[in-house]
Amino acid sequence: MDAVAENGYQRQRLSSSEATVNSLELKSAAETRHPRFNASKAHKERHRRFNVHSNDDYRHKKRSNNVKLFHATIKYYYPLLTFRGSQEQGDPRPQEVTTNSWYPPSVSSPSSSRPGTPNSSNSNTYTPRVGERPHVSPQAAGIIVYLKDKSVDELRKLLSDPEAYQQFLLSIDSVRTQNDVRDQLRNETLQLARENLEKEPQITELRNQCMIIRTSELASAQEKLNDLTKQKAEILKSYSPGSLLHKLQESMNKTDEESEALHQQLLEKEIDLATFVQKYKKLRHVYHKRALTHLAAKTSSVG
Numbered sequence: 001m002d003a004v005a006e007n008g009y010q011r012q013r014l015s016s017s018e019a020t021v022n023s024l025e026l027k028s029a030a031e032t033r034h035p036r037f038n039a040s041k042a043h044k045e046r047h048r049r050f051n052v053h054s055n056d057d058y059r060h061k062k063r064s065n066n067v068k069l070f071h072a073t074i075k076y077y078y079p080l081l082t083f084r085g086s087q088e089q090g091d092p093r094p095q096e097v098t099t100n101s102w103y104p105p106s107v108s109s110p111s112s113s114r115p116g117t118p119n120s121s122n123s124n125t126y127t128p129r130v131g132e133r134p135h136v137s138p139q140a141a142g143i144i145v146y147l148k149d150k151s152v153d154e155l156r157k158l159l160s161d162p163e164a165y166q167q168f169l170l171s172i173d174s175v176r177t178q179n180d181v182r183d184q185l186r187n188e189t190l191q192l193a194r195e196n197l198e199k200e201p202q203i204t205e206l207r208n209q210c211m212i213i214r215t216s217e218l219a220s221a222q223e224k225l226n227d228l229t230k231q232k233a234e235i236l237k238s239y240s241p242g243s244l245l246h247k248l249q250e251s252m253n254k255t256d257e258e259s260e261a262l263h264q265q266l267l268e269k270e271i272d273l274a275t276f277v278q279k280y281k282k283l284r285h286v287y288h289k290r291a292l293t294h295l296a297a298k299t300s301s302v303g
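Count the sequence shown with the UniProt record's numbering and you get residues 1 to 303, in order.
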């Protein structure tokens, strides 16, 4: 009885295993024929290809972003080397640079974040324009000539190593020209300063002479000038129209008094008639002449 039961139990387990295998085969065949399975497989293939292209694009964009960041750094420290078209070089989506830089945060930290993964929501938002050509200024083009053949490691070294950056900067023709002009201006300024220092004793002597003139000769000359100014004012006052009219009036009165005195002498018989007529005629002629002149001057001044 035990052997029969054992055989029955083994046959039951074998049939159960066969049923499980058959169900798995049916399920695998069904999934293979099902369209959802085929779509999932195609999606995985597309996802794999997209990852390959995304990695290539990421390396290319990162190198372009390093070049653009280097342009911004040169523009920050050397404004004469303008890069008006540097932001249009390479990918318009700036990437984050993780290199430890010795530049200011405004230069070494771009505004954009690290590029998203292929599964992110903004992975398919970038659509580059076909045939787009950025505008590059002549100054920027001259700098790009020195940068286009450099690798990513060399660009990172320029960003992180001040000595390498300074050496590269001094190798640019425009920078050398600017430094030459600066040195020339500095030498000319130093030469002028030396000449001024050499003339300092002469300047000091002239200042002392001016001080002596101000304290001694200038005081006497100023006093003499004041006296002459007063004399000039008095002379001009004596020859003013009002003063001349007053003097003319006084001379008229004096001549009239002389003629009256001469007439009194005639009445007292102190002089003879012929002498009286001659002198009186002369005095009255002078009187009337001065009277007419006074009247004409007074009329013209009033008018």
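Glycine included, C-beta positions come from ideal geometry on N, C-alpha and C.
Exercise. Closer than 8 Å, CB to CB, is residue 217 near chain C or not?
Worked result: Of the protein chains in the structure, only one exists, and it is not chain C.
Problem set entry | Beta carbon of residue 308 nearer than 8 Å to that of residue 280 | Because the chain in this structure spans residues 1 to 303, residue 308 falls outside the shown range and cannot be described.
For this session: Look up residue 291 in the DSSP assignment and say whether it is helix, strand or coil.
Result: By one-based count along the sequence shown, residue 291 stands at place 291. Taken through DSSP and simplified to helix, strand or coil, residue 291 comes out as helix.
For this session: Name the two residues that bound the continuous alpha helix (DSSP H) containing residue 151.
Result: Residue mapping note: residue 151 aligns to position 151 of the sequence shown, counting from 1. Per DSSP, residue 151 is not a residue of any alpha helix (DSSP H), being assigned neither H nor E.
Exercise. Would a C-beta distance cut-off of 8 Å place residue 290 and residue 251 closer than the cut-off?
Worked result: Within the sequence shown, residue 290 is the residue found at index 290, counting from 1. Within the sequence shown, residue 251 is the residue found at index 251, counting from 1. Remark: C-beta atoms of residue 290 and residue 251 approach each other more closely than 8 Å.
For this session: For residue 117, collect the residues of the same chain with a Cβ closer than 6 Å to its Cβ; drop the 5 residues on either side in sequence, then sort them by chain order.
Result: As a position in the sequence shown, residue 117 is number 117, starting the count at 1. At residue 117 the pLDDT is 44, less than 50, meaning the model places this residue with poor confidence; the figure from the coordinates comes in the next sentence. When the five nearest sequence neighbours on each side are left out, no beta carbon in the same chain lies closer than 6 Å to the beta carbon of residue 117.
For this session: Between the Cα of residue 298 and those of 220, 167, 284 and 245, spot the shortest distance and give me the residue it belongs to.
Result: Against the sequence shown, residue 298 aligns to sequence position 298. Each of 220, 167, 284 and 245 was checked against the Cα of residue 298, and the nearest Cα belongs to 245.
Exercise. In its own chain, which residues sit with a C-beta less than 6 Å from the C-beta of residue 301, not counting the 5 before and 5 after it?
Worked result: Indexing the sequence shown from 1 puts residue 301 at position 301. Once the five neighbours on either side are set aside, the close Cβ partners of residue 301 are 241.
For this session: Please work out which residues of its chain come closer than 7 Å, Cβ to Cβ, to residue 218, disregarding the five sequence neighbours upstream and downstream, and give them in chain order.
Result: To locate residue 218, count along the sequence shown from 1; it is residue 218. Closer than 7 Å at Cβ, skipping near neighbours: no residue.
Exercise. Alpha helix (DSSP H) containing residue 215: first to last residue?
Worked result: Reading the sequence shown from its first residue, position 215 is the one you call residue 215. Annotation for residue 215: no alpha helix (DSSP H) segment contains it, and DSSP assigns it neither H nor E.
For this session: Could you spell out where the alpha helix (DSSP H) holding residue 174 opens and where it closes?
Result: As a position in the sequence shown, residue 174 is number 174, starting the count at 1. Segment 173-198, the alpha helix (DSSP H) holding residue 174.
For this session: Please confirm whether residue 283 and residue 276 have their CB atoms less than 8 Å apart.
Result: By one-based count along the sequence shown, residue 283 stands at place 283. By one-based count along the sequence shown, residue 276 stands at place 276. Their beta carbons are not under 8 Å apart, which means residue 283 does not touch residue 276 by this criterion.
Exercise. Where does the unbroken alpha helix (DSSP H) through residue 165 begin, and where does it stop?
Worked result: Here residue 165 is taken as the residue at index 165 of the sequence shown, counted from 1. Note, residue 165: alpha helix (DSSP H), 162-170.
Exercise. Could you give the distance in angstroms between the alpha-carbon of residue 253 and the alpha-carbon of residue 261?
Worked result: In the sequence shown, residue 253 corresponds to position 253, counting from 1. In the sequence shown, residue 261 corresponds to position 261, counting from 1. Cα-Cα distance, rounded: 12 Å.
For this session: Grab the span of the alpha helix (DSSP H) containing residue 260 for me, first residue to last.
Result: The sequence position of residue 260 within the sequence shown is 260, counting from 1. Residues 241-267.
For this session: Please classify residue 272: does DSSP put it in a helix, a strand, or coil?
Result: To locate residue 272, count along the sequence shown from 1; it is residue 272. Coil.
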